[in-house]
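Numbering (UniProt numbering), first residue to last: 1 to 239. Ideal Cβ positions, reconstructed from N, Cα and C, are used throughout, including at glycine. Since the structure is predicted, the reported quantities are computational estimates derived from the model, not experimental observations. This report concerns only the one structure given below.
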Amino acid sequence: MVRKKKIDLSVRDVVDGLNNLVAQRPLLLALIPFILVLWGVEKWIFSLSSWVPLLLAVWATLQYGKHQQHLLVEELDRKWKRIIQNSSPVTPLEQCQWLNWLSAEVWPNYMNPKLSTKFSSIVEKRLRNKKSRLIERVRLQEFSLGSNPPSLGLQGAYWSTSGDQKIMHLGFDWDTNEMSVLLLAKLGKPLKGTVGIIINSLHIKGDLLLMPVLDGKAVLYSFVATPEVRIGREREHRS
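Quick look at the structure:
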């Protein structure tokens, strides 16, 4: 009799525990039929454990195919844009902030000394070949372009096509008052004496054309039209 009461109490405890669990977890009651169906399929139809790896393999294959298709679409888009730009006579306008930043970084210690030396040599050759009755000799005493680099493409830049040749169009604006160019001119008769000519400012503004040649190893440049040029100079007379 005691044993029967213990069994009844145990069954009642189990039922009460299940009722409390269902009350706390309502979704558990909905999952019970699904669990029973899976158990029946596993028991009498086929083993689910052997199908899980196959399903995972199929899912991974589909995901890999979608990823490869996405990469292929992106690559085709890039190629199409490249073809459009190469076949179009004019490309979209591009900003040149990065170019001016790079120019400002390399100008003081690299570009300025190089260009100053180059232009100084050109000016000296021209002065030697130029003769005048009033000037016996002109000597270049000093030549420096200063620390202020020119500004390129302030309104943007674009490429155009002429035949098979690509040409870059961009604005050129150079306004500096830090130049230091000193010329000494020895005057002839009847003036006599020496005159110093100092160039301390320069303004150049125009539209520049850049044409890569020799597979990009060299660049030809020219202005579309005669640029706007202003030179600030001073004179000092010497004995």
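Identify which residue in the options has its Cα closest to the Cα of residue i.
i, options, result
"N100", "Q68, W80, L152", "L152"
"P149", "G156, W107, V224, P212", "W107"
"S116", "L93, R128, S147, D207", "S147"
"G188", "L210, R133, L220, L145", "R133"
"V219", "W80, A225, M211", "M211"
"L170", "R78, P227, V195", "P227"
"S94", "S222, Q155, S120, H67", "Ser is not the amino acid found at residue 94; the sequence shown has Glu there. Looking at the Cα atoms, Q155 is the closest of the given residues."
"K130", "P92, A185, W159", "A185"
"A225", "I199, E234, R82, F172", "F172"
"R232", "I199, Q141, L191, K192", "The residue you asked about is not Arg; residue 232 is Gly in the sequence shown. Of the listed residues, the one whose Cα sits closest to G232 is I199."
"N112", "L145, W98, S121", "L145"
Helix, strand or coil for residue i per DSSP?
i, result
"V73", "helix"
"K79", "helix"
Query raised in the report: Is the stretch 126-140 close to the stretch 151-166, with three or more CB pairs under 8 Å?
Result: Because the criterion of three Cβ pairs below 8 Å is not met, the stretch 126-140 and the stretch 151-166 do not touch.
**Report entry** Contained alpha helix (DSSP H) runs [length at least 4] in the UniProt domain "SMP-LTD" (92-239), N- to C-terminal order
**Finding:** Correct list: 97-106, 112-129.
Requested in this report: Indicate whether the contact test is met: 3 or more Cβ pairs, each with one atom in the stretch 192-209 and one in the stretch 171-178, closer than 8 Å.
Outcome: A contact exists between the stretch 192-209 and the stretch 171-178.
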